[in-house]
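Protein chains in written order, with this note's numbering: chain A, 4 to 496; chain B, 116 to 434.
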């Protein structure tokens, strides 16, 4: 069963201990950038996940690395843990504060510092919004390749913390290979540059280990991300199928043919209808599934690959193949895919978006299981996912006000995760573990395996002060909120 | 607690048994980079990792291989299915290549070694078999131990089995050479060259992909100078450097000072433009770690290998 957090939701007024902490933080930053009011703390107690009940301590909005250092140092002196936070769009509860930590909101550190063409990197602060960076780079001939669905609001710092993906990570890879160097403030307050602009910096690959560590190893304050050249030619195809299985088999066959498309996204009929109703992109609403495939590169090659994908689709039973004729048409097709999660508001007020990965050859089989699981729990499921890399995103759509509904949603979700693991898959492709999947970690890893993950974490943060209570399951190193013992009783209300 | 992903391969269990939990131990592959990071304590027991390709699923673009398998053997299996990996083809074993972590000559074509390692199983200092990462091409489940293990020279754990991402061998691969052409202009002109190499007089370019794309890029290159086809890359001098790509401008211009690149007149060099690798006749000066990085490295080493029994004598941070 997925665990929902049921901590005391009352946001208390401060204790004397809090007052002393606040006073020091306000002196180090500025009074208006250290908040402790009920509204701010209630807001920071949640993120975009379904989990609630986090309890936030003081909320700080630093502007510089030096201010982050000051917050770390003051927090340590007061024996308080810290939680970094970007836009709060995470879906695994990674930003939820546990044990009334000091929340370090990095949204105001949002400057693009330097575009270094010779080294093909952009130096950015962590609060820079993903799409803002790409909009800045496009006219210069480049872009930032990771493009999560939340890219209009999510931050680069959050992308680093979660090793975020997105549709176009099929050809270009998720965030990790696009990050060259990271300035990090450790929980100790020390500042360190991980990685470097050269291809093989000396020492252990600390940069590689930091990306995707969900805020548990320290706080990124400056990030050098790789500039990816814009491709001169793009072809976008929309293929319709009479079954989800045929769409999934087409995806497997394209990969097996040695084609590496920029993106391959599948939408099933229910989400296609919702999207079409929302954006009117011309998606075929009578198809059981559609495949949105994109190839980019040079003119001749993209034509060849588009033809091959089309032929593979038709060979696997595609009922229609449409090639976007204009850039406007292509953008409209992508708007459909990228606003899919907004489109479901027409259907029900709540959704729970899952995120597992299975071997590509098992896509059809696991999808069939997902529909069966949802039907058995009487929950509406829609599937819109990064098919090209086997990354499933079953979307459970529901009305949380209905008695017993949330329990059914969690039960169905648990079975979906189990089905993915049983098919040789993994717990998360791009959302992370956070608090959502901690309990499942033991389904994928032995105690020895988890113990070693804890050893990595403690190499950076021996006292487990950065984002405690996340990723590793209870009973393992840093999983339990040690800082709680030192937290004044007042903060629990 | 049992895990769905714990290996039941007897060869790995036997390797863990061999490594045991006591006394200095080192694992030797082909020894092609044996002196990297310093010589291992001669008292250490020398063991070999198990061999064999465990599972190659061409349609998944992944392969699982025991660490003692040679890169050449792996490539033979993959080549039959039209695939390759990021591992450098300089001889040696898969485990050695991952433990060293050095990229091949054209990582922009094959991908980097670090990004290609999806899952590792290794024997810990306590003699336990540990699994890290996952077998799928996309995975953010838990801490990224495969990244930490890659390039760690066997000082944190001894690699037993590795799952790698593969990629398709391009339809056409073509090396071109020119003289008196600005290699940086070449790098800026091409969309995704697999390699742009240069010394102080010549430029070598590796174009890969659809034949039509390779021809189109060749035509664009012709606007910069006269390129002729050649059989392969130029011979590479002995010592490998890692520099920011921008630093190669001074190297190619003969303006490096010995720290920023080999000094002019110090022998032949080949620079990988846009990447930052450099092969020179003299070694790169030591690149000491800053104190904070050093302390993280030190904590990691003592967390993973409290008694210092894994590859004693070897340290990171020296080229």
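We put the beta carbon where it would ideally sit given N, CA and C, even for glycine.
At a CB-CB cut-off below 8 angstroms, which residues of chain B make contact with residue 212 of chain A?
-> One-based indexing of the first chain puts residue 212 of chain A at position 209. Under a criterion of Cβ atoms nearer than 8 angstroms, the residues of chain B adjacent to residue 212 of chain A are, in order, 258, 259, 260, 262 and 263.
Quick one: which residues of the region 196-210 of chain B get their C-beta closer than 7 angstroms to a C-beta of chain A? List them in chain order.
-> 197
Closer than 7 angstroms by beta-carbon distance: list the chain A residues that pair up with residue 392 of chain B, in chain order.
-> On the second chain, residue 392 of chain B is found 277 positions in, with the first residue counted as 1. The answer, in chain order, is 202.
Cα-Cα separation between residue 97 of chain A and residue 346 of chain A, rounded to whole angstroms = Here the question's residue 97 of chain A lines up with position 94 in the first chain. Here the question's residue 346 of chain A lines up with position 343 in the first chain. So the alpha carbons of these two residues sit roughly 25 angstroms apart.
Beta-carbon of residue 409 of chain B versus every beta-carbon of chain A: anything under 9 angstroms?
-> In the second chain, the residue the question calls residue 409 of chain B occupies position 294. Yes, because at least one Cβ of chain A sits closer than 9 angstroms to the Cβ of residue 409 of chain B.
4 or more residues per run - each alpha helix (DSSP H) lying fully within the region 62-93 of chain A = Within the region 62-93 of chain A, the complete alpha helix (DSSP H) runs of at least 4 residues are 68-80.
Residue 348 of chain A by DSSP, collapsed to three states: which one?
-> The sequence position of residue 348 of chain A within the first chain is 345, counting from 1. The answer is helix: DSSP assigns residue 348 of chain A an H, G or I state.
Between which two residues does the alpha helix (DSSP H) containing residue 134 of chain A stretch?
-> Numbered from 1 along the first chain, position 131 holds the residue referred to as residue 134 of chain A. Residues 133-140.
Would residue 327 of chain B count as contacting chain A if we go by Cβ distances under 9 angstroms?
-> As a position in the second chain, residue 327 of chain B is number 212, starting the count at 1. Chain A contact via Cβ: present.
Exposed or buried, what is residue 34 of chain A when buried is set at 16 or more other beta-carbons lying within 10 Å of its beta-carbon?
-> Here residue 34 of chain A corresponds to residue number 31 of the first chain, with the count starting at 1. Exposed, by the Cβ-count rule.
Sequence-distant residues of its chain with Cβ nearer than 6 angstroms to residue 178 of chain B (five each side left out) = Position 63 of the second chain, counted from the first residue, corresponds to residue 178 of chain B. Cβ neighbours of residue 178 of chain B beyond the five flanking positions: 171, 279 and 281.
Looking at residue 228 of chain B and residue 201 of chain B, is the spacing between their C-beta atoms short of 9 angstroms?
-> For the purposes of this step, residue 201 of chain B is taken as residue 86 along the second chain, with counting starting at 1. For the purposes of this step, residue 228 of chain B is taken as residue 113 along the second chain, with counting starting at 1. Result yes, Cβ atoms of residue 201 of chain B and residue 228 of chain B sit closer than 9 angstroms.
If you check the beta carbons only, do residue 215 of chain A and residue 166 of chain A fall under 9 angstroms apart?
-> Residue numbering aside, residue 215 of chain A sits at position 212 when the first chain is read from its first letter. Residue numbering aside, residue 166 of chain A sits at position 163 when the first chain is read from its first letter. Closer than 9 angstroms, so yes.
Are the region 240-256 of chain A and the region 197-210 of chain A touching by the rule of at least three beta carbon pairs closer than 8 angstroms?
-> No: fewer than three Cβ pairs fall under 8 angstroms.
Just the chain B side, please: which residues come within less than 8 angstroms of residue 388 of chain A by C-beta, in chain order?
-> Along the first chain, one-based indexing puts residue 388 of chain A at 385. Those within 8 angstroms of residue 388 of chain A in chain B number zero; the least Cβ separation is about 11 angstroms.
Cross-chain neighbours of residue 80 of chain A in chain B, by beta carbon under 9 angstroms = The sequence position of residue 80 of chain A within the first chain is 77, counting from 1. Near residue 80 of chain A there are no residues of chain B at all, since even the closest Cβ is about 19 angstroms away, more than 9 angstroms.
If you run the structure through DSSP and keep just helix, strand and coil, what is residue 254 of chain B?
-> Position 139 of the second chain, counted from the first residue, corresponds to residue 254 of chain B. In this structure, residue 254 of chain B counts as coil in the three-state DSSP scheme.
Smallest Cα separation from residue 262 of chain A: which of A:283, A:66, A:68 and A:298?
-> On the first chain, position 259 is the one that residue 262 of chain A refers to. Closest option to residue 262 of chain A, Cα to Cα, is A:298.
Under the three-state DSSP convention, the category residue 438 of chain B falls into | This structure leaves residue 438 of chain B out entirely; chain B is present only between 116 and 434.
Coil, strand or helix - residue 221 of chain B by DSSP | Translated into positions along the second chain, residue 221 of chain B becomes position 106. Three-state DSSP puts residue 221 of chain B in coil, outside helix and strand.
Would you tell me roughly how many angstroms separate the C-alpha atoms of residue 124 of chain A and residue 229 of chain A, rounded to the nearest one?
-> Position 121 of the first chain holds residue 124 of chain A. Position 226 of the first chain holds residue 229 of chain A. Roughly 4 angstroms separates the two Cα atoms.
Pick from B:212, B:383 and B:182: whose alpha carbon is nearest that of residue 277 of chain B?
-> As a position in the second chain, residue 277 of chain B is number 162, starting the count at 1. Comparing alpha carbon positions, the residue from B:212, B:383 and B:182 closest to residue 277 of chain B is B:182.
CB of residue 456 of chain A within 9 angstroms of CB of residue 419 of chain B, strictly = Here residue 456 of chain A is taken as the residue at index 453 of the first chain, counted from 1. Here residue 419 of chain B is taken as the residue at index 304 of the second chain, counted from 1. For residue 456 of chain A and residue 419 of chain B, no; Cβs fall outside 9 angstroms.
Looking at residue 58 of chain A and residue 48 of chain A, is the spacing between their C-beta atoms short of 9 angstroms?
-> Here residue 48 of chain A corresponds to residue number 45 of the first chain, with the count starting at 1. Here residue 58 of chain A corresponds to residue number 55 of the first chain, with the count starting at 1. Contact flag set, yes.
Express the C-alpha separation of residue 206 of chain B and residue 418 of chain A in angstroms, rounding to a whole number.
-> Residue mapping note: residue 418 of chain A aligns to position 415 of the first chain, counting from 1. Residue mapping note: residue 206 of chain B aligns to position 91 of the second chain, counting from 1. The alpha-carbon of residue 418 of chain A is positioned some 46 angstroms away from that of residue 206 of chain B.
Three-state secondary structure assigned by DSSP to residue 337 of chain A | Within the first chain, numbered from 1, the residue matching residue 337 of chain A stands at position 334. Residue 337 of chain A falls in the helix class under three-state DSSP.
Can you find a C-beta in chain A that's less than 9 angstroms from the C-beta of residue 278 of chain B?
-> Position 163 of the second chain, counting from 1, holds the residue named residue 278 of chain B. Judged by the 9 angstroms Cβ criterion, residue 278 of chain B is not in contact with chain A.
What residues from chain B crowd round residue 133 of chain A, counting only those whose CB sits closer than 9 angstroms?
-> Sequence index remark: in the first chain, residue 133 of chain A carries index 130 (1-based). By Cβ distance, chain B contributes nothing, its closest Cβ being about 16 angstroms from residue 133 of chain A, past 9 angstroms.
So, do the region 125-143 of chain A and the region 187-201 of chain A have three or more beta carbon pairs nearer to each other than 8 angstroms?
-> no
Just the C-alpha distance for residue 318 of chain A and residue 174 of chain B, rounded to the nearest angstrom, thanks.
-> Here residue 318 of chain A is taken as the residue at index 315 of the first chain, counted from 1. Here residue 174 of chain B is taken as the residue at index 59 of the second chain, counted from 1. Each residue's alpha carbon lies about 17 angstroms from the other.
Within the region 411-457 of chain A, note down every full alpha helix (DSSP H) run reaching 4 residues or more, in order along the chain.
-> 444-447
Starting from residue 385 of chain A, follow the beta strand (DSSP E) in both directions and report where the run begins and ends.
-> To locate residue 385 of chain A, count along the first chain from 1; it is residue 382. First-last of the beta strand (DSSP E) with residue 385 of chain A: 383-389.
Measure the C-alpha to C-alpha separation of residue 437 of chain A and residue 304 of chain A and round it to an integer number of angstroms.
-> As a position in the first chain, residue 437 of chain A is number 434, starting the count at 1. As a position in the first chain, residue 304 of chain A is number 301, starting the count at 1. Looking at the two C-alpha atoms, the distance is approximately 41 angstroms.
Since residue 415 of chain A and residue 399 of chain A are thought to touch, with beta carbons under 8 angstroms apart, how far apart are those beta carbons, to the nearest angstrom?
-> Taking the first residue of the first chain as position 1, residue 415 of chain A is located at position 412. Taking the first residue of the first chain as position 1, residue 399 of chain A is located at position 396. Right, their Cβ atoms sit about 6 angstroms apart.
Three-state secondary structure assigned by DSSP to residue 172 of chain A = Sequence index remark: in the first chain, residue 172 of chain A carries index 169 (1-based). Note: residue 172 of chain A maps to helix in three-state DSSP.
Is it true that the CB of residue 310 of chain A sits closer than 9 angstroms to the CB of residue 95 of chain A?
-> The sequence position of residue 95 of chain A within the first chain is 92, counting from 1. The sequence position of residue 310 of chain A within the first chain is 307, counting from 1. The answer is no: Cβ separation not under 9 angstroms.
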